[in-house]
Structure formats: C-alpha cells, structure tokens
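Undergrad: Before we start, here is the structure in question, set down as structure tokens.
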Amino acid sequence: FKAAMSRTPLGRPGTPREIGDIVAFLASPKSSYITGETIYADGGRLSLNYTV
Numbered sequence: 009f010k011a012a013m014s015r016t017p018l019g020r021p022g023t024p025r026e027i028g029d030i031v032a033f034l035a036s037p038k039s040s041y042i043t044g045e046t047i048y049a050d051g052g053r054l055s056l057n058y059t060v
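Have a look at this one:
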C-alpha cells in the first residue's frame, strides 16, 4: 500500500465520499452535456503513465 501511495501524486487513496461525489455529479442534471468520457479517480496516477 505504501509503495502504491508513494507513486500517486496526491499521496493517498480516494475516499468513498470522493468517489460518491463523482457518481452523484454524473447522475445529476449538471452533467447533462457530458457524453462518452472516462473519468479517472486515481489521485493523478494516469498523468504519470503508470500501467495498472
């Protein structure tokens, strides 16, 4: 776990609340103009080009 977090720019795992907030946003009318997107809740790891 510590090794994975050391390679994550935010340095911590996402909380259930943070993931839930993404889901709530996507299920709300506020996201009505978003189509075909992938949202990565990975603490910034994607930007480092790590393979998962």
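With our numbering, letter number 4 in the sequence shown gets 12, and the count goes up by one each step, no holes.
No residue lacks a Cβ here, since even glycine has one placed at the ideal position from N, Cα and C.
As the structure is a prediction and not an experimental result, all values here were calculated from the model.
(1) Can you name the start and end residues of the alpha helix (DSSP H) that D50 belongs to?
(2) Between which two residues does the alpha helix (DSSP H) containing F33 stretch?
(3) DSSP state of S39, grouped into three classes?
(4) Would the segment 13-29 and the segment 41-48 be scored as touching if the rule is three or more Cβ pairs under 8 Å?
(5) Using only alpha-carbon positions, find the residue among A32, F33, L18 that is nearest to G51.
TA: This is what the structure gives:
(1) Position 42 of the sequence shown holds residue 50. Unbroken run through D50: none, as it is neither H nor E.
(2) The sequence position of residue 33 within the sequence shown is 25, counting from 1. 24-35 is the extent of the alpha helix (DSSP H) around F33.
(3) In the sequence shown, the residue the question calls residue 39 occupies position 31. Reduced to three states, the DSSP call for S39 is helix.
(4) no
(5) Start at 1 with the first residue of the sequence shown, and residue 51 comes out as number 43. Taking only the C-alpha atoms, the option nearest G51 is L18.
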